[in-house]
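Visitor: If you count by the working numbering, then the sequence shown holds residues 194 to 646, one letter each, in order.
Note that the Cβ used here is the ideal one computed from N, Cα and C, for glycine as well.
Quick one: this structure, given as structure tokens, is what I'll be asking you about.
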Amino acid sequence: PWEFIFQNKRGGADKKRKFHRIQHGQCSYTFVLPELDGCRAAPPQAGGGGALQRDSPPLDWSTHRLQNLESSMENNTLWLQKLENVLQRSAEPSHAAHERTAAMLEIGSDLLTHTAEQTRKLNVVEAKVLNHTSRIEIQLLENSLSTNKLEKELLLQTSEISRLRDKNSRLESKVQRLESQQEGELEDMQEEKHRLQVVSIDSLEKQLRVASSNNTALQRQQAQLMESVHTLISMVASATGTHAHYTLAHEDQMFRDCADVYKAGHSVSGLFTIYINNTTEPVQVFCDMETSGGGWTVFQRRLNGSVDFQRSWREYKMGFGDALGEHWLGNELMHLLTSRGQYSLRVELRDWEGSPAHFQYDRVTLTSESQQYRLYLRGYSGTAGRQSSLVTHGTGFSTRDQDNDNCDHCKCALMLTGGNVSPPPSSLLPSSPAVFSKLWSFRVKQTVKQGML
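See below:
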């Protein structure tokens with residue numbers, strides 16, 4: 194606080210002073226007021242006068258005293274006016290300063306609030322940054338570990354690759370040596386193969402010439418035999434007065450198969466006419482009267498390959514060829530024939546060297562066309578092995594244009610060059626190195642027979 198002291202001095206002599214203090218807000222004002230002088234001592238008189246005269250004041254004292262009082266009052270009034278002016282002047286800046294201070298305090302409070310809010314947000318951001326930094330550090334640590342692991346694996350793989358390269362180099366060297374060795378051996382083998390081919394071809398040519406001459410002789414003998422048979426048939430027909438062809442003998446009899454012909458007393462093999470149920474025309478068949486008791490109805494004969502057996506489904510159904518030579522009787526006729534009763538099947542085979550073989554089934558059934566002419570067989574016997582090429586029970590008939598075999602990746606009819614009632618070729622058991630001829634025939638047990646000659 195500021196303290197203002199006003200002092201009045203007269204005649205250079207110090208007077209007794211009276212202090213008055215006023216507190217206004219933060220300011221303190223102190224007023225120093227002069228004390229009035231007491232009665233002055235009477236001046237000494239020479240004549241020494243009386244006591245009353247001595248005690249009375251001088252005449253000009255009151256006037257002088259009043260003047261002093263007036264001067265003091267004027268002084269005080271002036272000072273009070275000055276003080277009032279000073280107080281007024283000081284009050285205005287104080288009020289403005291107070292307002293400015295209040296505004297500054299309010300701004301400071303706002304700043305503190307804003308600073309606190311920013312500090313709080315900064316703390317949150319700092320926490321998030323620390324969190325994220327921690328996660329990044331963990332991720333970096335994991336990446337570092339993974340990198341170290343990958344580096345180790347890479348080193349191992351590099352080492353393994355180097356080892357494999359060395360091994361590959363050694364193997365390449367070995368392969369090159371083997372290739373060189375094999376090239377030499379291959380050249381030797383090719384020379385040996387060429388030599389053997391020349392020898393084999395010469396040998397086969399000789400065998401072929403011998404076989405051709407034998408075949409020519411056999412064909413000549415067969416032609417002579419057929420001519421003799423026709424001559425005998427003509428002679429018998431002329432002697433009995435029947436039709437000129439021996440196959441039409443006993444026209445008044447209705448033979449159902451060759452077994453009926455055999456029972457009628459015919460014991461010589463040849464062409465005969467039979468009547469099969471549900472057919473409008475009689476059928477000429479070749480009857481084998483000598484083999485295994487006779488009475489066999491031949492439905493297939495293959496001798497010299499003069500007839501092409503690579504035929505269509507319809508041709509195998511209706512039959513083709515000449516009954517006196519190579520032929521196929523027909524699936525439909527065989528179905529009608531075997532559906533009347535119990536028949537046997539016989540197959541006779543003969544190789545190029547003349548070695549015979551046969552197999553026989555005691556019971557045979559051929560289904561209708563709607564059932565793909567499936568062949569059912571029972572009771573196997575014969576000399577062609579423990580089982581024949583017809584081992585599959587109920588196999589459908591196949592031709593080049595209608596495949597009904599059980600092979601998913603092959604066509605047996607094309608592979609075996611003809612109609613086929615056999616299972617796939619992988620299950621075939623050849624009866625000899627090469628089949629020269631074959632004969633298939635039926636006989637009633639009625640029986641059906643097929644054989645190879």
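Per DSSP, what kind of secondary structure is N268 in: helix, strand or coil?
Guide: helix
Visitor: Per DSSP, C480 forms a beta bridge with which residues?
Guide: G463 and T490
Visitor: Which of helix, strand or coil does DSSP assign to V557?
Guide: strand
Visitor: Pull up the distance between the alpha-carbon of E344 and that of S352, whole angstroms please.
Guide: 12 angstroms
Visitor: With a 10 Å radius around its C-beta and 16 neighbouring C-beta atoms as the bar for buried, classify H436 as buried or exposed.
Guide: Note on H436: pLDDT 40, under 50, position unreliable in the model; no value is reported.
Visitor: If you run the structure through DSSP and keep just helix, strand and coil, what is L333?
Guide: helix
Visitor: Which class does S499 belong to by DSSP, given the choice of helix, strand or coil?
Guide: The three-state secondary structure of S499, taken from DSSP, is coil.
Visitor: May I ask which residues mark the beginning and end of the beta strand (DSSP E) holding L526?
Guide: L526 -> not in any beta strand (DSSP E); alpha helix (DSSP H) instead, spanning N524 to T531.
Visitor: Taking only beta-carbon atoms, is L259 less than 7 angstroms away from chain C?
Guide: The chain labelled as chain C is not found in the depicted structure, where only one protein chain is given.
Visitor: On a CA-only basis, which of T312, V403, L338 and N524 is nearest W545? Give me that one, please.
Guide: For the residues T312, V403, L338 and N524, the minimum Cα distance to W545 belongs to V403.
Visitor: Let me check one thing: in DSSP terms, what residues is Y455 bridge-paired to?
Guide: For Y455, which the question treats as bridged, DSSP gives no partner whatsoever.
Visitor: Pick helix, strand or coil for Q311, following the three-state DSSP scheme.
Guide: helix
Visitor: Does DSSP put S563 in a helix, a strand or coil?
Guide: helix
Visitor: Just the Cα atoms here: how many angstroms apart are V323 and T340?
Guide: For the record, residue 323 in the displayed sequence is Leu; it is not Val. Those two C-alpha atoms are separated by around 25 angstroms.
Visitor: Starting from Y509, trace the alpha helix (DSSP H) in both directions and tell me its first and last residue.
Guide: W506 to M511
Visitor: Roughly how far, in whole angstroms, is the beta-carbon of L542 from the beta-carbon of V557, given that I think they are within contact range, below 8 angstroms?
Guide: With 8 angstroms as the limit, L542 and V557 do not qualify as a contact, their Cβ atoms being about 17 angstroms apart.
Visitor: Measuring straight from C-alpha to C-alpha, what distance separates K386 and Q415?
Guide: 41 angstroms
Visitor: Assuming E647 and E525 are in contact, meaning their beta carbons sit under 8 angstroms apart, how far apart are those beta carbons, in whole angstroms?
Guide: Any question about residue 647 goes unanswered here, given that the chain covers just 194 to 646.
Visitor: Could you have a look at Q374 and say whether DSSP puts it in helix, strand or coil?
Guide: helix
Visitor: Anyone know if the C-beta pair for I467 and F492 falls short of 7 angstroms?
Guide: Not closer than 7 angstroms, so no.
Visitor: Excluding the 5 residues preceding and the 5 following V422 in the sequence, name in chain order all residues of the same chain whose CB lies nearer than 8 angstroms to its CB.
Guide: G463
Visitor: Should G301 go down as buried or exposed, given a rule of 16 or more other Cβ atoms within 10 Å for buried?
Guide: exposed
Visitor: Rounded to whole angstroms, what's the CA-CA distance from L517 to L389? Just pull it up for me.
Guide: Whole-angstrom Cα-Cα distance: 43 angstroms.
Visitor: Taking Q553 and L568 to be in contact with their CB atoms under 8 angstroms, please state how far apart those CB atoms are, rounded to whole angstroms.
Guide: Incorrect: roughly 14 angstroms between the Cβ atoms, too far for contact.
Visitor: Compute the distance between the beta-carbons of L529 and N470, then report whether it is under 7 angstroms.
Guide: Result yes, Cβ atoms of L529 and N470 sit closer than 7 angstroms.
Visitor: Could you please give me the residues that DSSP links to D381 through a beta bridge?
Guide: Paired residue(s): none; D381 is not in a bridge.
Visitor: Counting C-beta neighbours from all protein chains within 10 Å, is the total for G242 16 or more, i.e. buried, or is it exposed?
Guide: Note that G242 scores a pLDDT of 49, beneath 50, so its modelled location is shaky; the value from the coordinates is reported in the next line. Answer is exposed; the Cβ neighbour count stays below 16.
Visitor: Just how far apart, CA to CA, sit V500 and Y509?
Guide: 13 angstroms
Visitor: With respect to the beta strand (DSSP E) encompassing L568, which residues constitute its N-terminal and C-terminal limits?
Guide: L568 to G575
Visitor: Using alpha carbons as the reference points, say which of V454, G458, G486 and T484 lies closest to V478.
Guide: Each of V454, G458, G486 and T484 was checked against the Cα of V478, and the nearest Cα belongs to V454.
Visitor: What's the gap between the Cα of R282 and the Cα of K321?
Guide: 57 angstroms
Visitor: From the DSSP output, in three-state form, read off G547 for me.
Guide: Looking at G547 - three-state DSSP - the assignment turns out to be coil, as it is neither helix nor strand.
Visitor: Please classify G182: does DSSP put it in a helix, a strand, or coil?
Guide: Residue numbering for the chain in the displayed model covers 194 to 646; residue 182 lies beyond these limits and cannot be assessed.
Visitor: Tell me whether the beta-carbon of H520 lies closer than 7 angstroms to the beta-carbon of R504.
Guide: Using a Cβ distance threshold of 7 angstroms, H520 and R504 do not count as a contacting pair.
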